Amino acid sequence: MKHNIAVLLSGNGSNLKAIINKGINVSFVASNNPKALGLRIAKNHNIPSYFWKNVSELEEEVLKLIVEYDVKLLVLAGYMRLLSKNFVNSLPSKFIVNVHPSLLPKYKGMNAIKQAIDDCAEFTGVTIHYVDEDMDSGSIIRQDIIKIHEIDTAESLKDRLQLIEHHLYSDTIKSILKKNSQD
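In this note's numbering, each residue carries its 1-based index in the sequence shown increased by 75.
Put into structure tokens, the structure is as follows:
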């Protein structure tokens, strides 16, 4: 039996590509950004993709699609908007997961990589967490840590973190789906 996920994204879709490459069944992709390269990746893999610029309309339609496609997990992959309290609370707990480029609870929100560099942090990493109604505050599922090198720029650190994200996120999604199918 296939366990379907849905993906919300706003950007280039590198995590979506990694998820697809790991053989995870993506039922649909939705975005708030019509120019998101992730929508093209979905189309190239024959995955239905949807776009709504109005975030409340997006949330309303995604709730309908979750039921229609029998989605088991909603995955945020570079979705650059805070989900509304109403949306989050209308889904079961531990239904939405997100990846974040820091060791939460440090460096929440946008520009987490730049925040770590500006703070002269010695380490940073990737956090996979469940989504709740607040910014990057849901319970942590997994984390992976890396050292920040003196020569790192925001761009070089982002590239190193994305390599970790692509493996850690896909493996974590597979693990959650497997666990949920056993419950």
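All residues carry an ideal CB built from backbone N, CA and C; glycine is no exception. Keep in mind that this is a model prediction, so the values were computed, not measured.
task = Sort Val146, Leu158 and Lys97 by Cα distance to Leu84 and report the nearest one.
result = On the sequence shown, residue 84 is found 9 positions in, with the first residue counted as 1. Selected option, being the one with the closest Cα: Leu158.
inquiry  = On the DSSP letters alone, give me the boundaries of the alpha helix (DSSP H) that Ala93 sits inside.
reply    = Position 18 of the sequence shown holds residue 93. In the DSSP assignment, Ala93 falls within the alpha helix (DSSP H) that extends over Ser89 to Asn96.
query = With DSSP run on the structure shown, which of helix, strand or coil describes Thr228?
reply = Along the sequence shown, read from residue 1 onward, the residue named residue 228 stands at position 153. DSSP places Thr228 in coil when its eight states are reduced to three.
query = Helix, strand or coil: which one does DSSP assign to Arg156?
reply = Taking the sequence shown and counting its residues from 1, the one referred to as residue 156 is at position 81. Of the three classes helix, strand and coil, the one that applies to Arg156 here is coil, per DSSP.
message = For Glu135 and Val163, which I take to be in contact (beta-carbon distance under 8 Å), what is that distance rounded to the nearest angstrom?
response = Counted from its first residue, the sequence shown places residue 135 at position 60. Counted from its first residue, the sequence shown places residue 163 at position 88. Glu135 to Val163, Cβ: 14 Å. No contact.
key: Coil, strand or helix - Phe170 by DSSP   = The count along the sequence shown starts at 1 and reaches residue 170 at position 95. DSSP, reduced to helix, strand and coil, places Phe170 outside both helices and strands of the structure shown, so it counts as coil.
ask   = Can you list, in chain order, the residues of its chain whose CB lies under 7 Å from that of Lys147, leaving out five sequence neighbours each side?
value = Here residue 147 corresponds to residue number 72 of the sequence shown, with the count starting at 1. Around Lys147: His78, Asn79, Ile80, Leu252 and Asn255.
Three-way DSSP call (helix, strand, coil) for Ser85 in this model = As a working mapping, residue 85 is identified with position 10 in the sequence shown. Three-state DSSP puts Ser85 in coil, outside helix and strand.
key: Nonlocal neighbours in the same chain, by C-beta distance under 7 Å from Lys92, ignoring five residues either side   = The count along the sequence shown starts at 1 and reaches residue 92 at position 17. For Lys92, the CB contacts under 7 Å within the same chain, skipping 5 residues up- and downstream, are Ile116 in chain order.
ask   = With Leu138 and Asn173 assumed to form a contact (beta carbons below 8 Å), what rounded beta-carbon distance in angstroms separates them?
value = Locating residue 138 in the sequence shown gives position 63, where the first residue counts as 1. Locating residue 173 in the sequence shown gives position 98, where the first residue counts as 1. The pair is not a contact, with the Cβ atoms about 18 Å apart (cut-off 8 Å).
query = Looking at the structure shown, is Ile80 part of a helix, part of a strand, or coil, going by DSSP?
reply = As a position in the sequence shown, residue 80 is number 5, starting the count at 1. Strand, per DSSP.
query = When DSSP labels each residue in this structure, what does His286 get in the three-state scheme?
reply = Residue 286 lies beyond the range of the chain shown here (76 to 258); nothing can be said about it.
ask   = When DSSP labels each residue in this structure, what does Val201 get in the three-state scheme?
value = Taking the sequence shown and counting its residues from 1, one reaches residue 201 at position 126. Three-state result, Val201: strand.
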